[in-house]
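Just so you know, the sequences run in chain order B and V.
Just so you know, we're using the working numbering here: the first sequence kicks off at 290 and counts up by one.
Just so you know, we're using the working numbering here: the second sequence kicks off at 360 and counts up by one.
Backbone N, C-alpha and C define an ideal beta-carbon position, used for all residues, glycine too.
The structure under discussion appears below in the form of structure tokens.
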Amino acid sequence: MRERRPVRCAILLLSPGVVWILFALVLPSVFLIAFAFATVGPYGLPHWPPSVSAIKRLAGFGMLGWSPDNLIILGRSAVEAGLATLAVIGIAYPVAGFVGLCSSRWRLPLVFLLIAPSWTNQVVRAIAWMNLLAPHTPLSTLASSLGFISQSVGLVPSRFAVFVGLVYNFLPFMVLPLIVAFGRVDRAQIRAARDLYAGPIRVFSHAVWPQTRSGVLIGTILVAIPAFGMYTVPRLLGGGQSMMIGEFIAAQFAGGADWPLGAAAALSLMALTMIGVAILRRLAVESADDLRVLL
Amino acid sequence: MASNVGLRAVDKTFADGTRALDGVDLDVPGGQLFTVLGPSGCGKSTALAIIAGLDQPTSGHVEIDGRDVTNLPAHRRQVNTVFQSYALFEHMNVADNIGFGLRMRGVKKPEIRRAVEDMAGFLRIRALLRSRIGQLSGGERQRVALARALVNAPRVLLLDEPLSALDAELRTALADELADVQRALGITLVFVTHDQAEAMKLGDRMAVMQTGRIVQTDTPRGIYEKPATAWLARFMGLGNLWPIRGYGADGRVYLDFTTLFGLEAEGDYVLVRPEMIALTTAPPRGPNDVTADIVQAVFAGPSIDYRLHCNGQRMRVLAPNDGRMIHAPGTCVTARIPVERAALINA
């Protein structure tokens, strides 16, 4: 009796987590996989027996021969997410470097200013960008006077607007891990590099970058993957002309309902995400301990 | 090869207003092991960073071999530093860490390899050259940091509390080794520490710092036997610092608990080091014998550490453990105060 108590206790303590994982993760995934291998029936609902028709249609082998439309959406999502991530790194790295190396008195207010915008709902922020990039606003006028767009069109909707929206939306997710990384930089290593005849550029490449690389990798996981499947920003700022995979999936479950196709797309999105994480993990193996904890 | 280093009226005030150095004058003779002792926050590390060129003095000059190098950047001074936390580059292996300075100076690869291997052989870490920094013990890291600095053949080697992260046994072993290295290479070595025993044991000469100022520069013996201030006497842990209340005829000095005879000079305090006082059960004979009660007797191996009370004054006596009787607490004994070896200290 006494020996069984710890086991019971452990089961009791673990059960909320197990139940949650079962209903919120395992069960939906089983449904998703099942739907992805079903046939499309009336009203777009899944029908049995199982088949690979949804996967084939996703790849473009439908009734009307091969068309790469769906794959283009997938590729566009990857390119859009990749470009946005690069831009986010480019903006966040110097910002985080400044904040992270600031004295602790200034760090908290600066972090507050950086994350305050993300307390507004992302839909609201996307709509704000719609207004900022609309025709006859200062930014649109500037773009048309520089000859990038014709007058009266405005910068939205466009792939550029999606890009801006993604960068703006995901900036905090890169800045925060980078501030942590910069805050933990061992300054003695910077001094050691200077003491050992390194100039500013080599102080950065040998003493600063190796200590902050893991922050960039964590930020990339937090930015690139959600950006890849992002729904609201491309929906509101892309205007349906440059559909991304998140919009595509949503469309299969709503408007032109086709649940098996949506499930197949969601499944391939998951697979691609896992491949992405695996690549980042490999990059991280030789890097700092904190990242290994995360992955 | 070895250079002498000088600080001339160096002030350093940080951006937040902290005054780290306040008119510091320092002369480190070439080819010596010079220790800088002080409590944490006294500015000793800042002084080191200013010699290295990693920090700029607010005013004053840094001289190396009599030449003003105040405005010479760190990478153009033949000075290298071993940092307190070692500051090794975690993403490089041991060999790349040691060779870093040579690589930055554009030395050719085969030459770097030879120099690194020679230095690793000299410090007996050859077997570690391919290891990653994360795999090393504290003592090994210490050696790698030393090798990384020494391989550049500096004229002056600065060490910022290099042993403070190590356990006692390793500390002693590495301190001895460091002294050997200094003698073998004949370079100037400035060693910063907050450990009194370490500073005295290692230093040919030493300086003691307090709140941004140098209190005294002398040989360890000079500082031990004649500390310049009462603070220094207390900081060195010398014990038995008794305030002088007045002077009488024939060299009488009045203290709170007794009168001493035969002290020649003047000062604010009498310093009598605990190992100089002799204890006996015989009754007082001489004029400077006082009776005292043993409060505590701590057995410390080679010596017995006694705490006594003498007319309300506390007294500490360190008696050699000569294998004879140890006075038990409560015993009344006679303490012989050797005035001829007492020092008079100014506040």
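Inter-residue Cα distance where the pair is residue i and residue j
i: residue 570 of chain V; j: residue 633 of chain V; result: 27 Å
i: residue 489 of chain V; j: residue 453 of chain V; result: 6 Å
i: residue 383 of chain V; j: residue 489 of chain B; result: 30 Å
i: residue 657 of chain V; j: residue 573 of chain V; result: 35 Å
i: residue 341 of chain V; j: residue 691 of chain V; result: As displayed, chain V neither begins before 360 nor continues past 706, which places residue 341 of chain V out of reach and without an answer.
i: residue 555 of chain V; j: residue 678 of chain V; result: 21 Å
i: residue 326 of chain B; j: residue 362 of chain B; result: 21 Å
i: residue 447 of chain V; j: residue 559 of chain V; result: 28 Å
i: residue 425 of chain V; j: residue 526 of chain V; result: 39 Å
i: residue 334 of chain B; j: residue 546 of chain B; result: 8 Å
i: residue 372 of chain V; j: residue 542 of chain V; result: 36 Å
i: residue 315 of chain B; j: residue 402 of chain B; result: 38 Å
i: residue 299 of chain B; j: residue 511 of chain B; result: 32 Å
i: residue 475 of chain V; j: residue 508 of chain V; result: 11 Å
i: residue 458 of chain B; j: residue 321 of chain B; result: 28 Å
i: residue 523 of chain B; j: residue 337 of chain B; result: 33 Å
i: residue 434 of chain V; j: residue 515 of chain V; result: 13 Å
i: residue 387 of chain V; j: residue 579 of chain V; result: 14 Å
i: residue 432 of chain B; j: residue 369 of chain V; result: 56 Å
i: residue 364 of chain B; j: residue 370 of chain B; result: 10 Å
i: residue 474 of chain B; j: residue 396 of chain B; result: 15 Å
i: residue 563 of chain V; j: residue 484 of chain B; result: 25 Å
i: residue 665 of chain V; j: residue 647 of chain V; result: 19 Å
i: residue 667 of chain V; j: residue 636 of chain V; result: 12 Å
i: residue 435 of chain B; j: residue 447 of chain B; result: 17 Å
i: residue 358 of chain B; j: residue 409 of chain B; result: 34 Å
i: residue 461 of chain V; j: residue 492 of chain V; result: 19 Å
Helix, strand or coil at residue i [DSSP, three-state]
i: residue 478 of chain V; result: helix
i: residue 597 of chain V; result: coil
i: residue 378 of chain V; result: strand
i: residue 530 of chain B; result: coil
i: residue 691 of chain V; result: strand
i: residue 541 of chain B; result: helix
i: residue 399 of chain V; result: coil
i: residue 644 of chain V; result: coil
i: residue 474 of chain B; result: coil
i: residue 368 of chain V; result: strand
i: residue 698 of chain V; result: helix
i: residue 554 of chain V; result: coil
i: residue 650 of chain V; result: strand
i: residue 535 of chain B; result: helix
i: residue 450 of chain V; result: coil
i: residue 435 of chain B; result: coil
i: residue 524 of chain B; result: helix
i: residue 662 of chain V; result: strand
i: residue 510 of chain V; result: coil
i: residue 430 of chain V; result: coil
For residue j and residue i, believed in contact at Cβ under 8 Å, the rounded distance
i: residue 453 of chain B; j: residue 418 of chain B; result: 6 Å
i: residue 412 of chain V; j: residue 436 of chain V; result: 5 Å
i: residue 521 of chain B; j: residue 412 of chain B; result: 5 Å
i: residue 551 of chain V; j: residue 518 of chain V; result: 7 Å
i: residue 443 of chain B; j: residue 427 of chain B; result: Their Cβ separation, rounded to whole angstroms, is 12 Å, which puts residue 443 of chain B and residue 427 of chain B out of contact at 8 Å.
i: residue 467 of chain B; j: residue 501 of chain B; result: 7 Å
i: residue 388 of chain B; j: residue 400 of chain B; result: 7 Å
Chain D within 8 Å of residue i, Cβ atoms only
i: residue 488 of chain V; result: Absence of chain D from the displayed structure is noted, the protein chains being B and V.
Where residue i falls, given that 16 or more other Cβ within 10 Å makes a residue buried
i: residue 639 of chain V; result: exposed
i: residue 513 of chain V; result: buried
i: residue 459 of chain V; result: buried
i: residue 568 of chain B; result: exposed
i: residue 599 of chain V; result: buried
i: residue 362 of chain V; result: buried
i: residue 457 of chain V; result: buried
i: residue 557 of chain B; result: buried
i: residue 461 of chain B; result: buried
i: residue 511 of chain V; result: buried
Residue i beta carbon near the ligand PLP (any heavy atom closer than 7 Å)
i: residue 465 of chain V; result: The model depicted lacks the ligand PLP and carries no ligand whatsoever.
* Identify each residue in the segment 462 to 488 of chain B for which the Cβ-Cβ distance to at least one residue of chain V is less than 9 Å, and report them in chain order. => Correct list: 475, 476, 477, 478, 479, 480, 481, 482, 483, 484, 485, 486, 487 and 488.
* **Interfacial residues, the segment 389 to 402 of chain B to chain V, with Cβ spacing under 7 Å** => Nothing from the segment 389 to 402 of chain B brings a Cβ to less than 7 Å from some Cβ of chain V.
* **Cβ-based contacts, 8 Å cut-off: residues of the segment 452 to 472 of chain V near chain B** => Within the segment 452 to 472 of chain V, the residues whose Cβ lies closer than 8 Å to some Cβ of chain B are 459, 460, 463 and 464, listed in chain order.
* To do: Please name the residues in the segment 418 to 438 of chain V whose beta-carbon is closer than 7 Å to at least one beta-carbon of chain B, in chain order.
  => Those would be 433 and 434, in chain order.
* When Cβ atoms are compared, which residues of the segment 412 to 427 of chain B fall closer than 9 Å to chain V? -> Taking 9 Å as the upper bound on Cβ-Cβ separation, chain V lies near no residue of the segment 412 to 427 of chain B.
* Asked: Can you list, in chain order, the residues of the segment 295 to 320 of chain B whose Cβ is nearer than 7 Å to any Cβ on chain V?
  -> Under the 7 Å Cβ criterion, the segment 295 to 320 of chain B contributes no residue.
* To do: Anything in the segment 391 to 404 of chain V with a Cβ closer than 9 Å to a Cβ of chain B? List those residues in chain order, please.
  => Hits within the stretch: zero.
* Got a sec: which bits of the segment 497 to 508 of chain B sit with their beta carbon under 7 Å from any beta carbon on chain V, in order along the chain? -> Along the segment 497 to 508 of chain B, going in chain order, the ones with a CB nearer than 7 Å to a CB of chain V are 499.
* Contacting positions in the segment 330 to 351 of chain B - beta carbon closer than 9 Å to chain V -> Residues of the segment 330 to 351 of chain B with a C-beta less than 9 Å from any C-beta of chain V: none at all.
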